[in-house]
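Structure, as structure tokens:
2 protein chains.
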Amino acid sequence: MDRVDVDGPCDQGCPIKKTALIIEGKWTTLVIRELLSGKKRYSHLHRALQGISPKVLSSRLRMLEEKKLISRTVFATVPVTTEYQLTELGLKLQPVLLAMAEFGSQWQQH
Amino acid sequence: MDRVDVDGPCDQGCPIKKTALIIEGKWTTLVIRELLSGKKRYSHLHRALQGISPKVLSSRLRMLEEKKLISRTVFATVPVTTEYQLTELGLKLQPVLLAMAEFGSQWQQH
DNA sequence: GGACATAACTATACTAAAGGAAGTAGTTAC
DNA sequence: GTAACTACTTCCTTTAGTATAGTTATGTCC
Chain A
22 MDRVDVDGPC DQGCPIKKTA LIIEGKWTTL VIRELLSGKK RYSHLHRALQ GISPKVLSSR
82 LRMLEEKKLI SRTVFATVPV TTEYQLTELG LKLQPVLLAM AEFGSQWQQH
Chain B
22 MDRVDVDGPC DQGCPIKKTA LIIEGKWTTL VIRELLSGKK RYSHLHRALQ GISPKVLSSR
82 LRMLEEKKLI SRTVFATVPV TTEYQLTELG LKLQPVLLAM AEFGSQWQQH
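Chains as they are written, first to last, in our numbering: chain A, 22 to 131; chain B, 22 to 131.
Here is the structure:
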């Protein structure tokens with residue numbers, strides 16, 4: 022049997038929920054934040070996001086790539102390097118991150 | 022022993038990270054979305070957010086209350102009812118949710 | 001006066017996701 | 001041949017989230 026309407030009243034396709042499904046995981050917004058300032062390599066991201074495990078980093082990158090928010094380019098350098106970059110679609114997350122930054126800077130820990 | 026500086030280069034007090042720490046858990050943004058349209062009771066939230074477990078709902082509400090983003094008022098009705106409402110501080114999350122809604126409505130599932 | 005209902009939870013058992021340590025593959029420098 | 005570098009993967013433990021049953025304090029129904 023199909024699950025027909027699992028969501029609440031205003032939830033069929035609620036746009037906030039759609040976005041939440043992307044960014045709700047740990048580290049996701051910080052990966053995107055790093056990429057807002059331009060293309061970055063795996064090792065740069067790993068160093069910049071101190072504390073992230075390679076497992077979580079690569080799974081986040083794969084998830085964002087699947088959702089067409091970032092692109093992955095491999096270069097045949099020695100050793101090979103990989104560059105990640107926000108797509109046009111991914112760049113549309115910038116206002117979300119900016120709003121988060123605005124809130125965060127107003128918010129003194131209580 | 023104290024953990025002294027776990028964060029990366031630009032991370033000591035990165036405002037995006039601060040906001041991410043609040044909203045990164047599952048359901049958190051949807052709880053806030055419900056409260057944006059005014060004060061709500063526990064049972065309303067539970068019905069509106071179909072699929073949320075009472076354990077997660079109450080832990081989210083307690084977390085948001087601790088962080089002074091929502092307030093909790095108990096009424097001596099029969100049976101007692103509880104109302105949750107965004108504080109002035111919590112209302113400042115509105116632009117974040119609006120940006121998320123804007124992105125979500127542009128984003129057709131791939 | 002015992003059964004049932006309601007609101008707002010808490011408790012318990014289980015599963016999925018995240019974290020930490022270590023290892024892998026290909027290549028080049030020493 | 002050994003070490004180093006990049007970009008990962010694998011294995012195992014810990015934490016987060018799900019599903020559902022139970023609790024407390026009333027009050028109504030019969």
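Yeah, the Cβ is synthetic: ideal placement off N, Cα and C, and Gly gets one too.
Predicted model, so just to flag it, every value in this text is computed and none were measured.
Which first and last residues belong to the beta strand (DSSP E) in which Thr102 of chain B is found?
Its beta strand (DSSP E) spans residues 102 to 107.
Can you find a C-beta in chain B that's less than 7 Å from the C-beta of Ser58 of chain A?
Taking Cβ atoms only, chain B never reaches closer than 7 Å to Ser58 of chain A, which makes this a no.
Please report how far the alpha carbon of Lys88 of chain B lies from the alpha carbon of Lys89 of chain A, in whole angstroms.
Those two C-alpha atoms are separated by around 34 Å.
Given a limit of 8 Å on CB to CB distance, which residues of the stretch 103 to 125 of chain B reach chain A?
Hits within the stretch, in order: Leu110, Lys113, Leu114, Pro116, Val117, Leu118, Leu119, Ala120, Met121, Ala122, Glu123, Phe124, Gly125.
Kindly indicate the opening and closing residues of the alpha helix (DSSP H) around Val117 of chain A.
Val117 of chain A -> alpha helix (DSSP H) spans 115 to 127.
Determine, for Pro36 of chain B, whether the minimum Cβ-Cβ distance to residues of chain A falls below 7 Å.
Yes - at least one Cβ of chain A is within 7 Å of the one on Pro36 of chain B.
Taking DSSP as the reference, what is the three-state secondary structure of Thr49 of chain B?
Correct three-state label for Thr49 of chain B: helix.
Arg54 of chain B CB to nearest chain A CB: under 7 Å?
True, the Cβ-Cβ gap to chain A drops below 7 Å.
Hey, is Glu45 of chain B's beta-carbon within less than 7 Å of any beta-carbon in chain A?
Yes - at least one Cβ of chain A is within 7 Å of the one on Glu45 of chain B.
Taking Lys39 of chain B as the query, report the chain A residues whose CB atoms sit under 7 Å from its CB, ordered along the chain.
Chain A residues near Lys39 of chain B: Gly125, Trp128.
So what's Ile3 of chain A in DSSP terms, helix, strand or just coil?
Examination of residue 3 of chain A is not possible in this model, given that chain A is present from 22 through 131 alone.
Identify whether Ser92 of chain B lies in helix, strand or coil by the three-state DSSP scheme.
Here Ser92 of chain B sits in strand by DSSP.
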